[in-house]
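Trainee: In the numbering used here, the protein residues as written are 13 to 106.
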Amino acid sequence: MKIIDVRKESEYAAEHVNEAYSKPLAYINEWIDEIQPEEHFYLHCAGGYRSMIAASILQARGYRNFTEIEGGFKAIASTRVSKSDFVCQTKVLK
13 MKIIDVRKES
23 EYAAEHVNEA
33 YSKPLAYINE
43 WIDEIQPEEH
53 FYLHCAGGYR
63 SMIAASILQA
73 RGYRNFTEIE
83 GGFKAIASTR
93 VSKSDFVCQT
103 KVLK
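1) Measuring CB to CB, does residue 61 end up less than 8 angstroms from residue 78?
2) DSSP has residue 56 in a bridge; who is on the other side?
3) Starting from residue 42 and walking both ways along the beta strand (DSSP E), at which residues does that stretch end?
4) Going by beta-carbon coordinates alone, are residue 86 and residue 30 separated by less than 8 angstroms?
5) Looking at the strands, I want to know which residues DSSP matches up with residue 32.
6) Taking 8 angstroms as the limit between beta carbons, can you name the residues of its chain near residue 99, skipping five residues before and five after?
7) Mind reading off the beta-carbon distance from residue 23 to residue 58? Whole number of angstroms is fine, and I expect it under 8 angstroms.
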């Protein structure tokens, strides 16, 4: 299962789904070609707004085989999905 996290790198570094790939929305033009259009993947951000933007861009470029995770990482955090240990972002940004 491929999971793409479109949050900022600092957000990903603070806590993320284990096995998720950090692919910030701000750099979508740089990483979009790394994904095969027929490959299924899951897409999320913190709450859903950035992943909605990423989904629109992906769809406009012919990507249809993905699932946007409703509620983003906030929703994932309340599940048993394997996540990294939390690291305070002030420590990450130093």
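Just so you know, even glycine gets a beta-carbon here, dropped at the ideal spot from N, CA and C.
Treat the numbers as computed from the prediction; the structure is a model and nothing was measured.
Mentor: Working from what's here:
1) To locate residue 61, count along the sequence shown from 1; it is residue 49. To locate residue 78, count along the sequence shown from 1; it is residue 66. Result no, Cβ atoms of residue 61 and residue 78 do not sit closer than 8 angstroms.
2) In the sequence shown, the residue the question calls residue 56 occupies position 44. Beta-bridge pairing links residue 56 to 17.
3) Working through the sequence shown from its first residue, we reach residue 42 at position 30. Note, residue 42: premise wrong, no beta strand (DSSP E); alpha helix (DSSP H) at 40–43.
4) Residue 86 sits at position 74 when you count from the first residue of the sequence shown. Residue 30 sits at position 18 when you count from the first residue of the sequence shown. Cβ distance not < 8 angstroms, so residue 86 and residue 30 don't count as in contact.
5) Your numbering for residue 32 matches position 20 in the sequence shown. Per DSSP, 15.
6) By one-based count along the sequence shown, residue 99 stands at place 87. Only 25, 26, 27 meet the Cβ criterion.
7) By 1-based counting over the sequence shown, the position of residue 23 is 11. By 1-based counting over the sequence shown, the position of residue 58 is 46. Confirmed, Cβ separation roughly 6 angstroms.
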